[in-house]
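First comes the structure, then the notes that go with it.
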Amino acid sequence: MSDKYQDFSRSPIGKFLVKNLGLPSPMKLERYTEGAPLVDGTVLVGGTGRLVESLPGLLDTLGITSATVKPEEGKVKGLVFDATGLTSSAELAALREFFTPVMRSLAPCARVVVLGTPPELVSGSEKVAQRALEGFTRSLGKEIGRGSTVQLAYVAEGAEAGVTSTLGFLLSPKSAYVSGQVVRIGAQSTKADVPVADVFRPLEGKIALVTGASRGIGEEVARVLARDGATIVGVDVPQAASELQSLMKELDGDWLTLDITGKDAPQRIAHHLKEKHGGVDVVVHNAGITRDKKLANMDDARWDSVMAVNLTAPELITRELLDRGVVNDNGSIIGVASIAGIAGNVGQTNYAASKAGVIGFVDSLADDLASAGKGITINAVAPGFIITAMTAAVPFATREVGQRLNAMSQGGLPVDVAETIAWYANPASSLVNGNVVRVCGQMMLGA
Ligand code: NAD
52 MSDKYQDFSR SPIGKFLVKN LGLPSPMKLE RYTEGAPLVD GTVLVGGTGR
102 LVESLPGLLD TLGITSATVK PEEGKVKGLV FDATGLTSSA ELAALREFFT
152 PVMRSLAPCA RVVVLGTPPE LVSGSEKVAQ RALEGFTRSL GKEIGRGSTV
202 QLAYVAEGAE AGVTSTLGFL LSPKSAYVSG QVVRIGAQST KADVPVADVF
252 RPLEGKIALV TGASRGIGEE VARVLARDGA TIVGVDVPQA ASELQSLMKE
302 LDGDWLTLDI TGKDAPQRIA HHLKEKHGGV DVVVHNAGIT RDKKLANMDD
352 ARWDSVMAVN LTAPELITRE LLDRGVVNDN GSIIGVASIA GIAGNVGQTN
402 YAASKAGVIG FVDSLADDLA SAGKGITINA VAPGFIITAM TAAVPFATRE
452 VGQRLNAMSQ GGLPVDVAET IAWYANPASS LVNGNVVRVC GQMMLGA
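This is the structure:
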């Protein structure tokens with residue numbers, strides 16, 4: 052599956068028409084290749100606060116070269132600004148002072164990360180300044196262009212050790228289609244000791260359950276988690292058994308063919324993981340369906356099936372795995388929501404309700420898991436327009452609008468969702484809890 056407009060816009064005639072008609076010109080996004088360094092270039096570090104001094108050393112552990120002064124020549128591949136020291140609106144001028152002189156020195160597909168303090172954890176004028184960072188990063192994400200991305204990571208006081216895996220993700224091409232996002236580290240976590248994970252094989256020796264693993268986003272999640280060292284247990288419906296088995300054989304994984312809405316599915320999954328693998332470290336609730344109709348024409352079957360697959364099954368499976376102690380300490384549970392669950396969509400009251408429910412599910416469990424103190428986290432991705440069999444079924448005009456209405460003027464790839472899931476799954480992300488990150492190229496719709 053490919054983006055025909057993007058291919059056309061890079062042809063000689065396409066380039067001519069794009070330029071003369073002012074059409075969107077989607078940049079070819081850099082994506083991560085296995086074994087490559089996380090950042091191909093230098094990251095400039097600045098700001099004032101709790102993190103700035105430790106940043107060069109921390110980036111060094113990820114194999115990332117940093118500088119504290121803008122190099123005289125050449126482009127900069129990334130910028131990290133510590134804004135945790137900004138305690139009043141007057142001090143926000145430091146953002147302009149740092150960023151404005153370097154904006155024209157950025158390489159294509161550059162990465163910008165601003166680090167702040169969660170506003171809900173501070174008060175008075177500091178709260179004002181920290182909240183303001185969100186408007187700054189979201190706007191910069193929309194204007195930066197050339198495949199570059201901008202994120203805000205709010206790091207709670209005491210959670211500084213938990214920032215490494217997030218910087219590795221946000222500064223690398225792994226976050227190609229993630230922009231304008233706000234991430235919270237340590238805001239909903241009680242366990243302070245963060246495991247140090249291998250940069251290239253962070254999931255070595257770990258077991259990862261992926262539902263809907265035979266194709267689309269689930270297939271890519273299985274591939275990326277296997278690349279990171281995990282043994283995959285893929286789940287899909289019996290109709291997809293042969294695709295599932297051949298993929299799992301290719302990845303040296305294991306499989307279970309069942310319908311996740313089956314009455315005994317949670318028990319069968321829990322039993323299989325416990326008996327055959329001794330537990331599970333990563334649970335990815337990826338299986339999902341759409342059955343679109345406007346509400347006036349919505350029948351029971353469409354409503355019930357979407358709710359059962361997308362929301363009730365992940366809830367019941369998670370409950371069973373947690374109650375039976377199948378999820379290992381420092382494990383991660385990952386939901387797959389959707390932009391539709393945030394912005395709503397015509398004909399998708401059922402789907403959007405189920406996907407907003409996934410966000411509610413993350414909210415409801417994040418605190419409980421934090422207070423359980425076992426380092427188990429729950430987070431979700433909310434994909435925007437991702438090019439898969441599911442979106443190939445969308446009518447042409449709607450598909451074109453869906454693909455272009457974002458800061459990157461293109462649809463994302465399943466690997467973009469998979470890399471985001473792999474960041475959550477990284478044991479070094481144990482202070483990343485209760486987040487919903489959109490993988491949507493900073494879509495113009497929604498929050
Ligand atoms: P897809 O249709 O290509 O793949 C979904 C997989 O889930 C299939 O292999 C299917 O057999 C499996 N599945 C469906 N019902 C199941 C059940 N009852 N039991 C077990 N397996 C089941 O879809 P995709 O585009 O890869 O989407 C994956 C997830 O991402 C879904 O949750 C979807 O809602 C979400 N999502 C996708 C997009 C997008 O643009 N593609 C956008 C937002 C969210």
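Mapping the sequence shown onto the numbering used here, position 34 (from 1) lands on 85, and the numbers just tick up by one. Backbone N, C-alpha and C fix where the C-beta goes; we use that ideal spot for every residue, glycine too.
- Task: Let me know the secondary structure DSSP gives Ser481 once reduced to three states.
- Result: Residue 481 sits at position 430 when you count from the first residue of the sequence shown. In this structure, Ser481 counts as coil in the three-state DSSP scheme.
Need the endpoints of the alpha helix (DSSP H) that Phe412 sits in, please. Here residue 412 corresponds to residue number 361 of the sequence shown, with the count starting at 1. That run of the alpha helix (DSSP H) goes 400–423.
TODO: With DSSP as the reference, label Lys327 as helix, strand or coil.
DONE: For the purposes of this step, residue 327 is taken as the residue at position 276 of the sequence shown. DSSP places Lys327 within a helical segment (H, G or I) once states are collapsed to three.
* Drop a sphere of 10 angstroms on the beta-carbon of Phe447, count the other beta-carbons inside from all chains shown, and report buried for 16 or more, exposed for fewer. => Sequence index remark: in the sequence shown, residue 447 carries index 396 (1-based). With fewer than 16 other Cβ atoms inside 10 Å of its own Cβ, Phe447 counts as exposed.
| Ser389: which of Leu110, Leu420, Gln318, Cys491 sits nearest, CA to CA? | In the sequence shown, counting from the first residue as 1, residue 389 sits at position 338. Closest option to Ser389, Cα to Cα, is Cys491.
Requested in this report: Would you please state the rounded distance, in angstroms, between the beta carbons of Pro317 and Ile384? I believe it to be under 8 Å.
Outcome: Here residue 317 corresponds to residue number 266 of the sequence shown, with the count starting at 1. Here residue 384 corresponds to residue number 333 of the sequence shown, with the count starting at 1. That belief does not hold up - the Cβ atoms of Pro317 and Ile384 are roughly 13 Å apart, past 8 Å.
Quick one: residues in its chain with C-beta nearer than 7 Å to the C-beta of Thr93, no 5 flanking neighbours on either side, listed in chain order? Taking the sequence shown and counting its residues from 1, the one referred to as residue 93 is at position 42. Within the same chain, Thr93 has close Cβ partners Thr116, Ser117, Ala118, Pro122, Val127, Lys128.
Inter-residue Cα distance where the pair is Leu302 and Ile283: Taking the sequence shown and counting its residues from 1, one reaches residue 302 at position 251. Taking the sequence shown and counting its residues from 1, one reaches residue 283 at position 232. If you draw a straight line from the Cα of Leu302 to the Cα of Ile283, it is about 8 Å long.
Ser216 classed as buried or exposed, judged by whether at least 16 other C-beta atoms fall within 10 angstroms
Numbered from its first residue, the sequence shown carries residue 216 at position 165. So Ser216 ends up on the buried side.
Applying the 10 Å Cβ sphere with the 16-neighbour rule, what's the burial state of Asp244? Along the sequence shown, read from residue 1 onward, the residue named residue 244 stands at position 193. Counting C-beta atoms within 10 angstroms of its own C-beta, Asp244 has fewer than 16 neighbours from the protein chains shown and is therefore classed as exposed.
Where does Lys225 land, buried or exposed, given buried means 16+ other C-beta within 10 angstroms? Taking the first residue of the sequence shown as position 1, residue 225 is located at position 174. Under this definition Lys225 is a buried residue.
Worksheet item: Starting from Pro159 and walking both ways along the alpha helix (DSSP H), at which residues does that stretch end?
Response: Here residue 159 refers to the residue found at position 108 of the sequence shown. Residue range 157–167 is occupied by the beta strand (DSSP E) that includes Pro159, with no alpha helix (DSSP H) assigned at that position.
**Prompt:** Taking Cβ to Cβ, would you say Gly231 is nearer than 8 Å to Val206?
**Reply:** Taking the sequence shown and counting its residues from 1, one reaches residue 231 at position 180. Taking the sequence shown and counting its residues from 1, one reaches residue 206 at position 155. Taking 8 Å as the Cβ cut-off, Gly231 and Val206 do not qualify as a contacting pair.
Between the Cα of Lys344 and the Cα atoms of Val378, Tyr402, Lys300, Asn361, which residue gives the shortest distance?
Taking the sequence shown and counting its residues from 1, one reaches residue 344 at position 293. Considering only Val378, Tyr402, Lys300, Asn361, the residue with the shortest C-alpha distance to Lys344 is Tyr402.
Gly263 versus Glu211 - alpha carbon distance:
As a working note, residue 263 is residue 212 in the sequence shown. As a working note, residue 211 is residue 160 in the sequence shown. Here the C-alpha atom of Gly263 lies approximately 35 Å from the C-alpha atom of Glu211.
**Asked** From Leu309 to Gly411, what does the alpha carbon distance come to, in whole angstroms?
**Response** Here the question's residue 309 lines up with position 258 in the sequence shown. Here the question's residue 411 lines up with position 360 in the sequence shown. Their backbone Cα atoms lie some 26 Å apart in a straight line.
Quiz item: Secondary structure at Gln202, three-state DSSP: helix, strand or coil?
Solution: Here residue 202 refers to the residue found at position 151 of the sequence shown. DSSP places Gln202 in the strand class (E or B) of the three-state scheme.
(message) Within the continuous beta strand (DSSP E) that includes Arg489, where are the two ends?
(response) Against the sequence shown, residue 489 aligns to sequence position 438. Looking at the DSSP string, the run of the beta strand (DSSP E) that includes Arg489 is 487–490.
Exercise. If you count every other CB in all the chains shown that lies within 10 Å of the CB of Val120, and 16 or more means buried, which is it?
Worked result: Your numbering for residue 120 matches position 69 in the sequence shown. Val120 is exposed by the Cβ-count criterion.
Going by DSSP in three states, Ile390 sits in which element: helix, strand or coil? Numbered from 1 along the sequence shown, position 339 holds the residue referred to as residue 390. Residue state, collapsed to three classes: coil.
- [ ] Taking 8 Å as the threshold, find out whether the segment 467–474 comes into contact with the segment 432–444 through three or more Cβ pairs.
- [x] The segment 467–474 makes contact with the segment 432–444, as at least three CB pairs between them are under 8 Å.
Go ahead and pull the three-state DSSP assignment for Gly192. As a first step, residue 192 is located in the sequence shown; it is residue number 141 there, counting from the start. If DSSP states are grouped into helix, strand and coil, Gly192 belongs with the helices.
| Leu373 versus His322: straight-line alpha-carbon distance, rounded | Residue 373 sits at position 322 when you count from the first residue of the sequence shown. Residue 322 sits at position 271 when you count from the first residue of the sequence shown. Their backbone Cα atoms lie some 12 Å apart in a straight line.
Note to self: I'd like to know whether the C-beta atoms of Leu324 and Trp306 end up nearer to each other than 8 Å.
What the structure shows: The count along the sequence shown starts at 1 and reaches residue 324 at position 273. The count along the sequence shown starts at 1 and reaches residue 306 at position 255. Contact: no.
If you reduce the DSSP assignment to three classes, tell me which class Thr282 lands in.
On the sequence shown, position 231 is the one that residue 282 refers to. Strand.
Worksheet entry | Beta-carbon proximity check, Gly285 vs Gly304, cutoff 8 Å | Within the sequence shown, residue 285 is the residue found at index 234, counting from 1. Within the sequence shown, residue 304 is the residue found at index 253, counting from 1. Yes; because the gap between Cβ atoms is below 8 Å, this pair is in contact.
Could you spell out the range, first to last residue, of the alpha helix (DSSP H) harbouring Phe447?
Counted from its first residue, the sequence shown places residue 447 at position 396. Counting along the chain, the alpha helix (DSSP H) containing Phe447 begins and ends at 447–455.
| request: Confirm, please, whether the CB-CB distance from Gln239 to Asn484 is below 8 Å. | output: By one-based count along the sequence shown, residue 484 stands at place 433. By one-based count along the sequence shown, residue 239 stands at place 188. Yes.
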